[in-house]
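In the working numbering, the protein residues as written are 6 to 191.
All C-beta atoms in this analysis are idealised placements derived from N, C-alpha and C, irrespective of residue type, glycine included.
Just so we're clear, the structure is a prediction, and the values are computed from it rather than from any experiment.
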């Protein structure tokens, strides 16, 4: 199941499509009520996400977390996977999203997206207090998925950067050609 997903996600070239596919796969693999893929902003080091799927997700807009904030922030900071069977009383759990959405988180699993020693982001799945807690099997499934998502995200980010650089070079070349023509006419 993960192998076919790895092949499909490797063919994607845009970060939004990768996020959409990863979130859908997390929900299926982990029987999660909600899922998100948070990315690291290279400039600030903060985690952010634009999309989340599951209960209450419609009321979540772009969210930014500083390193160490919440479960995802802790996972990004430590670069270590984490299973929280019961978030009540767990010091790293930040209930702000629950307060905003009305969802009542009971259990969370989160795994870092690591490539070349750098944390690119965090995969996270949640279940409500009414559901059974995640177990080690769910965490392992998320860990198995993470390297494939990390590679796809990295490739899409590099492709975006190359396209931007190419556009800048083409614009600079057009400017130079215009100056050459102007000077030739003079």
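_Which residue marks the beginning of the beta strand (DSSP E) containing residue 129, and which one marks its end?_
Looking at the DSSP string, the run of the beta strand (DSSP E) that includes residue 129 is 123-133.
*Quick one: what does DSSP say residue 92 is sitting in, helix, strand or coil?*
In the structure shown, residue 92 sits in coil (DSSP, three-state: anything other than H, G, I, E or B).
*C-beta contact flag for residue 76 and residue 38 at 8 Å*: No, Cβ-Cβ distance for residue 76 and residue 38 is not below 8 Å.
*Note the first and the last residue of the continuous beta strand (DSSP E) segment covering residue 69.*
Start and end: 68-70.
*Could you give the distance in angstroms between the alpha-carbon of residue 63 and the alpha-carbon of residue 167?*
Low confidence applies here, because residue 63 scores a pLDDT of 49, under 50, leaving its location unreliable; read the following figure in that light. Each residue's alpha carbon lies about 33 Å from the other.
*Sorted by chain position, which residues of the same chain lie with C-beta nearer than 7 Å to residue 146's C-beta, five sequence neighbours on each side aside?*
So the list reads 34 and 35, once near-sequence residues are dropped.
*Between residue 118 and residue 190, what straight-line distance do the alpha-carbon atoms span, to the nearest angstrom?*
Their backbone Cα atoms lie some 56 Å apart in a straight line.
*asked:* Please report the distance separating the alpha-carbon of residue 124 from that of residue 88.
replied: Their Cα atoms are separated by approximately 18 Å.
*Thinking C-beta only, is residue 139 closer than 8 Å to residue 90?*
A contact, by the Cβ cut-off of 8 Å.
*Is residue 110 buried or exposed, if buried means 16 or more other CB atoms sit within 10 Å of its CB?*
Buried, because 16 or more other Cβ atoms sit within 10 Å of the Cβ of residue 110.
_Element boundaries [alpha helix (DSSP H), containing residue 53]_ = Unbroken run through residue 53 is the beta strand (DSSP E), 52-54; no alpha helix (DSSP H).
_Just to confirm my understanding: we take residue 112, look at its own chain, exclude 5 residues before and 5 after, and list those with CB closer than 6 Å. What are they?_
90, 132, 138 and 139.
*Leaving out the 5 sequence neighbours to the left and right, which residues in its chain are closer than 6 Å to residue 115 when beta-carbon positions are compared?*
If we look at residue 115 and ignore the five residues flanking it on each side, its Cβ neighbours are 76, 77, 80, 87, 127 and 129.
*Put residue 100 into one of helix, strand or coil per three-state DSSP.*
Assignment of residue 100 by DSSP, reduced to helix, strand and coil, places it in the coil class.
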